[in-house]
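What follows is a set of notes on a single structure, which appears directly below.
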Amino acid sequence: MKAILCKSFADIDALTYEEVPSPATVGKNQVLISVKAAGVNFPDILIIEGKYQVRPALPFSPGGEVAGIVKAVGEAVSHVKVGDSVIGGTWTGGYAEESVADAERVFRIPESMNFAEAAGLLTVYGTSYHALVDRAKLQAGETLLVLGAGGGVGLAAVDIGKALGAKVIACASSPEKLAVCKEYGADETIQYTTEDLKERVKQITGGKGVDVIYDPVGGDFTEKAFRTIGWGGRHLIVGFAEGNIPNLPMNLPLLKSASVVGVFWGSFTATQPALFQAGLQNMLQMFEAGKLKAHICATYPLEQAKEAMRLVANRQVIGKVVLTM
Ligand SMILES: NC(=O)c1ccc[n+]([C@@H]2O[C@H](COP(=O)([O-])OP(=O)(O)OC[C@H]3O[C@@H](n4cnc5c(N)ncnc54)[C@H](OP(=O)(O)O)[C@@H]3O)[C@@H](O)[C@H]2O)c1
């Protein structure tokens, strides 16, 4: 089969596209998927550069999520069968024509969903659903401020926030990204690279502040956003796409009786599998009912994976980029 290979921890240019052996065996609790599409995620870049929390053994194919058709199942797997259309969480190994996923991270997809759309939803929608529902316990009528709202997890947070009945304020760096956020139902938009975030939120909320902040950006934006939080607010720490891990003066949460809430979706799926699976099934039903819709801004053939990854690295993606096989 064809696959993208990472042979040393280095930048995107060092990746290769070559013929490799197909996965030889499927474990008892695993599923072999004939991959039709693979999602490209920010952590894929961190992993190949050796900057992620976990370093896979070399050589490996990057790619943490795929959509495709089940080719084989392990003896203990009963919830999917050969021929089913599924999504699978793979950690790595997704940028390949065949990939193995643990059965507890494999889900049948609705008939109405195509493979490209399906491949791009597991990580970003899974992360944002977990953050907003399990961690922030976002309620209908609350105000949600989303940073990096045009990116993968950010746009998913806008989509889920609206579906849950929140008032959503989307923040992004360009009018193009904010226009897509509006299409996804954002009630208000702020170009946070040029506008005064605190003043705009004060105007929008009548001085009350926001209930929940969704923060996948970090850097200077974290404290600026936290200063817009209302009484009893929750600030979700999702990621540091800006590159710097911020320090927050601890008087700020005290003054607003507010919480700083960590979100680590990958570990959550492993440590609380039942809650993860129930949430994922609920979310897939929301997709089937038309309440959610993943945004794919570009698709690339597998051999052009480097170009797809560069779009993500260069902050050019709106929603998701997907590889097709
Ligand atoms: N905690 C978890 O479980 C979890 C799960 C998935 C992802 N993440 C993390 O969440 C972050 C976002 O992931 P994603 O897939 O949404 O990525 P993405 O699609 O690239 O979006 C990231 C957004 O961050 C903003 N940004 C600000 N400064 C940036 C910079 N210097 N370089 C790149 N982007 C910058 C950009 O929005 P503007 O241009 O509008 O500012 C961009 O749209 C990453 O750090 C990722 O590792 C965490």
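In our numbering, the protein residues as written are 79 to 403. Virtual Cβ for every residue (Gly too), placed ideally from N, Cα, C.
Worksheet item: Closest to residue 188 by CA distance: which of 383, 156, 375 and 368 is it?
Response: Per the Cα distances, 368.
Worksheet item: Going by C-alpha distance, which of 212, 117 and 149 is nearest residue 167?
Response: Residue 117 is the option with its Cα nearest to residue 167.
Worksheet item: Should residue 272 be listed as close to ligand 2, given that the test is whether its C-beta is under 7 Å from any heavy atom?
Response: Ligands present in the displayed structure are limited to ligand 1, and ligand 2 is not among them.
Fill in: DSSP bridge partner residues for residue 398 (one or two, in chain order)
Checking the DSSP bridge columns, you'll see residue 398 partnered with 374.
Worksheet entry | Candidates 333, 309 and 295, of which the one nearest residue 324 by Cα | With distances taken between Cα atoms, residue 324 lies closest to 295.
Discussion item. Residue 148 and residue 90 - do their beta-carbons sit closer together than 8 Å?
Written reply: In this structure, residue 90 sits away from residue 148, with a CB-CB distance that is not shorter than 8 Å.
Fill in: With 16 other Cβ atoms within 10 Å as the buried cut-off, status of residue 281
Classification for residue 281: exposed.
Worksheet item: Quick one: is the Cβ of residue 124 within less than 7 Å of any heavy atom of ligand 1?
Response: Residue 124 has its CB nearer than 7 Å to a heavy atom of ligand 1.
Worksheet item: Does the stretch 191-208 touch the stretch 123-136, meaning 3 or more C-beta pairs lie closer than 8 Å?
Response: No, the stretch 123-136 does not touch the stretch 191-208.
Discussion item. Less than 8 Å between the beta carbons of residue 198 and residue 371, yes or no?
Written reply: No; because the gap between Cβ atoms is not below 8 Å, this pair is not in contact.
Fill in: residue 196 versus residue 231 - alpha carbon distance
Each residue's Cα considered, the two are about 15 Å apart.
Fill in: Extent of the continuous beta strand (DSSP E) run through residue 249
Here the beta strand (DSSP E) through residue 249 covers 245-250.
Practice prompt. Specify the secondary structure class of residue 393 as computed by DSSP and reduced to three states.
Written response: Secondary structure at residue 393: coil, using DSSP grouped into helix, strand and coil.
Worksheet item: Where does residue 219 land, buried or exposed, given buried means 16+ other C-beta within 10 angstroms?
Response: Counting other Cβ atoms within 10 Å of its Cβ, residue 219 stays below 16 and is therefore classed as exposed.
Worksheet entry | Reduced DSSP secondary structure (H/G/I, E/B, other) of residue 366 | Of the three classes helix, strand and coil, the one that applies to residue 366 here is helix, per DSSP.
Practice prompt. Mind listing, in chain order, the continuous beta strand (DSSP E) runs of no fewer than 3 residues lying wholly within the stretch 176-237?
Written response: The qualifying runs are 176-180, 184-186 and 221-224.
Discussion item. Closest to residue 268 by C-alpha separation, out of 242, 243, 299 and 241, would be which residue?
Written reply: Comparing Cα positions, the closest option is 299.
Worksheet entry | Contact the stretch 231-244 vs the stretch 144-162: 3+ CB pairs below 8 Å | By the Cβ test, the stretch 231-244 is not in contact with the stretch 144-162, since fewer than three Cβ pairs between them sit closer than 8 Å.
Item to complete: Give every residue of the same chain whose Cβ lies closer than 8 Å to the Cβ of residue 302, excluding the five residues on either side of it in the sequence, and list them in chain order.
Response: If we look at residue 302 and ignore the five residues flanking it on each side, its Cβ neighbours are 270, 275 and 276.
Worksheet item: Taking the alpha-carbon positions, what's the residue 133 to residue 125 distance?
Response: Near 7 Å, if we compare the C-alpha coordinates of residue 125 and residue 133.
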